[in-house]
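The block underneath contains the structure these notes are about, expressed in structure tokens.
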Amino acid sequence: MRFLHLADIHLGCRRYNLEERTKDFFRAWYDIIEKHAIPNHVDFILIAGDFFDRRNIDPQAMNHAIAGLERLKDAGIPVIAIEGNHDQRDAVSEHSWMRSLSEWGYIKLLEPTRDEEGNLALVAWDETERTGSYIDVAGARIFGSHWYGASATAAIPILADALRRAGTEGRFNILMLHTDVEGQTNRPIPAVPVAKLKELKQLVDYLALGHTHKKFDLDGWAFNPGALEPTSIDEYKEERGAFLVEVDDAHNIATTYINDYTQRPFQRLSFDVSGAQDAEAVHDAVMQMIEREARKHTEASDKLAPIIEITLRGQLGFKNSLLLINRLRDEARERTGALHVMIRNQSVPVEYAVAAGMDAQAPRHERERRIIEDLIARDNRYKARAHEMAELVIEAKRQALGNESPDKILELISQKLDATETALKQDENAHDEHAPTATALSAIERNAVDSRQ
Ligand SMILES: [Mn+2]
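So that you can map any letter, position 182 of the sequence shown is 966 in this note's numbering, and since no number is skipped, the others follow by simple counting.
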């Protein structure tokens, strides 16, 4: 017996508002059929949930699904599937596109049902009704299950009971399950503990998992192939793909991990803007980095053009708005031939950096003064007197901690504030002649930014 185990194909996945990106999910799905399912004459294909990216798919996603399913139908390869969290039917509806595909004869959607007492039951596939919870194909008995979400751990013993009642003896039993497994996810969400999962081991010879978008296996018994394409850039580094599974007469399992189908290349670059003189300097340095490190794509290449993400980090020595992000992105795309360039600006303007570059070993009172001073300096009204104002704050705090009366503290504050305001007014008058120049400059800056974005 030979079969292909897929999961999380996510047809119809839209990212970056790019038509091409949606097609990537189709290319991966279709390519794996052409390259692996058909040449290897597999007996069946398993889709362990999330065939579609969402419940309410658009017509294009359905076209993508049918194109592959028609090809498999012509080749006489049955597709056995379950619903995942992304494509499961609505709680209030009897209908889902997965059920429709099953009714139309493209897939066999396996779903548990309820017996008269309301207990979970697994019933044999009915070819006329085109419903059922398990099916016998090529010497295997394949069982389907629902998406249980956070109650997956509680569902395991119930599933085990239902499997026992349905009968698994003397067969090669496969169970499809869409769930997170403890230790395999980076997300802080409840996942099924491995020990709990293993309660199924006596009943199931091959546990066909889906949901986690990376490849893993447990004891050569439970297998999760991962998504064919990354649904977010965070997944691009994970090993993902499909399993080609070979089972001999003694029920020995041999799996081959497949990832040589058409995939969109991704690249992540990072640039530290700290110390750059101006926006032009950042621009030039980012372009130099791209020349050095970025994956270049040419029309002649038979590979897909990459998606490149560039993150700007560090402290920016000038206003954020002076960074011409669109210009950076466009020029980076031109130089690399990428399908798409994302610029993530995570740099922090120096004006917001508090106690930047301060020695971490400095005594507490020095650090306190510096932090208060930096916070005050953000306010242009007090910027010129930040040092004195910091002194005042610290003195007021000292008095409050010393149980000084509120009236006394208020008096101290108003005295100092008055003195500071008088001093500031004098300063303003002295600087009046420069004011128009500063305003004119920022207007020019604004215009320059507007015309380029
Ligand atoms: Mn998924």
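Glycine included, C-beta positions come from ideal geometry on N, C-alpha and C.
Between residue 955 and the set 921, 934 and 975, the nearest pair of CA atoms involves 921.
For residue 915 and residue 892, the gap between their C-alpha atoms comes out near 7 Å. Of the other Cβ atoms in all chains shown, 16 or more fall within 10 Å of the Cβ of residue 1120; this residue is therefore buried. About 13 Å separates the beta carbons of residue 961 and residue 917, which is beyond the 8 Å limit, so they are not a contact pair. In the assembly as shown, residue 1047 is a buried residue. Its beta-carbon has 16 or more other beta-carbons within 10 Å. Contact between the region 1088-1099 and the region 1113-1127 is present, with at least three C-beta pairs closer than 8 Å. By the neighbour-count criterion, in which 16 or more other beta carbons inside 10 Å mark a residue as buried, residue 912 falls on the exposed side.
Counting C-beta pairs with one atom in each stretch, the region 976-992 and the region 1002-1010 have three or more that are closer than 8 Å, which means they touch. In this structure, the straight-line span from the alpha carbon of residue 1072 to that of residue 1108 is close to 16 Å. The straight-line gap separating the alpha-carbon atoms of residue 1176 and residue 1140 is approximately 22 Å.
Using a cutoff of 7 Å, the CB of residue 794 counts as near ligand 1, since one of the ligand's heavy atoms is closer than that. The beta carbon of residue 1157 sits closer than 7 Å to those of 1170, 1171 and 1174, all from its chain and outside the five residues before and after it, given in chain order.
In this structure, residue 1015 and residue 997 form a Cβ contact; the two beta carbons are roughly 7 Å apart against a cut-off of 8 Å.
Residue 932 and residue 939 have their C-alpha atoms roughly 7 Å apart. In this structure residue 992 is not in contact with residue 825, their Cβ atoms being roughly 20 Å apart against a cut-off of 8 Å.
Annotation: the continuous alpha helix (DSSP H) that includes residue 814 extends over 803-816. If you check the CB distance, residue 864 and residue 828 come in under 8 Å. Within the DSSP secondary-structure output, residue 1054 pairs in a beta bridge with 1095. Excluding its 5 nearest sequence neighbours in each direction, residue 899 has C-beta neighbours in its own chain below 7 Å: 905, listed in chain order. Annotated as distal: residue 1193 and residue 1152, with beta-carbon spacing of 8 Å or more. Remark: the shortest separation between the CB of residue 1025 and any heavy atom of ligand 1 does not fall under 7 Å. Placement of the Cβ of residue 1044 at a distance of 7 Å or more from every heavy atom of ligand 1 is found. Within the model, the alpha-carbon separation for residue 989 versus residue 926 is close to 10 Å. Going by beta carbons, residue 1112 and residue 1070 fall inside the 8 Å limit. Separation of residue 1052 and residue 1021 (C-alpha to C-alpha, rounded to the nearest whole angstrom) is 10 Å. Taking a contact as a CB-CB distance under 8 Å, the pair residue 794 and residue 1146 does not count as one, their CB atoms being some 52 Å apart. Annotation for residue 1040: the continuous beta strand (DSSP E) segment containing it runs 1037-1042. For residue 1116, the uninterrupted alpha helix (DSSP H) run begins and ends at 1109-1120, by DSSP.
Approximately 23 Å separates the beta-carbon atoms of residue 977 and residue 952; this is outside 8 Å, ruling out the contact. Taking the Cβ of residue 868 as the reference point, at least one heavy atom of ligand 1 falls within a distance shorter than 7 Å. DSSP, read as helix, strand or coil, puts residue 793 in coil.
Look at residue 975: its beta carbon is at least 7 Å from all of the heavy atoms in ligand 1. As a beta-bridge residue in DSSP terms, residue 957 pairs with 925.
In the DSSP assignment, residue 850 falls within the unbroken alpha helix (DSSP H) covering 843-858.
Not one heavy atom of ligand 1 is found less than 7 Å from the C-beta of residue 832. Within the chosen limit of 7 Å, ligand 1 reaches the beta carbon of residue 1011 through at least one heavy atom.
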